[in-house]
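Asks: Have a look at this one before I ask anything.
In this note's numbering, the protein residues as written are -2 to 225.
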């Protein structure tokens, strides 16, 4: 289904691209073109992730509070994908001089986008701290750190382009950064679960292996033996 989603999405992009041209690069059509691109990126990330995972049930590798924070981060990331095109559609790069614009006040729209980003960043920082303190698997921590780096870099690009008068090359870099933020966010969230089979001694994604004590055959996890 995910593979067919990519095919359908590409066909949809062709149709939407033609409509965007026919309506004179209206910002709503341009935003739709961008959002569909982001859906395709998310689809591709999920497809790539699942292709490397075994079939069967999975279990969370983190506490419910961390799962809740991660879901909140995903929602805030999706919000950024909407507020970003709103800024572009209001500013000078929504098309040529004759192309329509959203009739909003650019500083206000940019401020909403910025607030969205700061809340997103705060949630990810809190999540990373909780993961570090709770002893989350190392791969999970590494993905959280990668997400934090991408968010900070993207925020720096956004503020720089605004202060420099929105040069086109920085706008292009910001769009590339948005793609990275979405991809890494989805990648991180997917990695919060591991196959249930890991409980039976098959190492999962950073899970502690189950081994048997040589003396009495009792199961020992994380280096602590238990007596029968």
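Yeah, the Cβ is synthetic: ideal placement off N, Cα and C, and Gly gets one too. Quick caveat, the model's predicted, so the values are computed rather than measured.
In the structure shown, what three-state DSSP assignment does residue 57 receive?
Replies: In the chain shown, residue 57 corresponds to position 60, counting from 1. The answer is strand: DSSP assigns residue 57 an E or B state.
Asks: From the DSSP output, read off the bridge partner residues of residue 192.
Replies: If you number the chain shown from 1, residue 192 lands on position 195. Paired residue(s): 55.
Asks: In angstroms, rounded to a whole number, what distance separates the CA positions of residue 117 and residue 101?
Replies: Against the chain shown, residue 117 aligns to sequence position 120. Against the chain shown, residue 101 aligns to sequence position 104. Approximately 23 Å between the Cα atoms of the pair.
Asks: Less than 7 Å between C-beta atoms, sequence neighbours within five positions excluded: which residues of the same chain meet that for residue 76?
Replies: In the chain shown, counting from the first residue as 1, residue 76 sits at position 79. Cβ neighbours of residue 76 beyond the five flanking positions: 113.
Asks: Could you check whether residue 174 and residue 151 sit closer than 8 Å to each other, using their CB atoms as the reference points?
Replies: Indexing the chain shown from 1 puts residue 151 at position 154. Indexing the chain shown from 1 puts residue 174 at position 177. For residue 151 and residue 174, yes; Cβs fall inside 8 Å.
Asks: From this set, 164, 191 and 3, which residue's C-alpha is nearest residue 236's C-alpha?
Replies: No statement about residue 236 is possible, as the shown extent of the chain runs from -2 to 225 and does not include it.
Asks: Counting only runs that start and end within the segment 77 to 102, where is the alpha helix (DSSP H) found for 4 or more residues in a row?
Replies: Entirely contained in the segment 77 to 102, not one alpha helix (DSSP H) run reaches 4 residues.
Asks: Please check the pair residue 16 and residue 26, which I expect to be a contact at CB under 8 Å, by giving their CB distance rounded to whole angstroms.
Replies: Walking along the chain shown from the start, residue 16 turns up at place 19. Walking along the chain shown from the start, residue 26 turns up at place 29. Rounded, the Cβ-Cβ distance is 6 Å, consistent with contact.
Asks: For residue 121 and residue 6, I'd like the C-alpha separation in whole angstroms.
Replies: The residue given as residue 121 occupies position 124 in the chain shown. The residue given as residue 6 occupies position 9 in the chain shown. Going by the C-alpha atoms only, they are around 29 Å apart.
Asks: How many whole angstroms separate the CB atoms of residue 38 and residue 180, which I take to be in contact at a CB cut-off of 8 Å?
Replies: Your numbering for residue 38 matches position 41 in the chain shown. Your numbering for residue 180 matches position 183 in the chain shown. Confirmed, about 6 Å.
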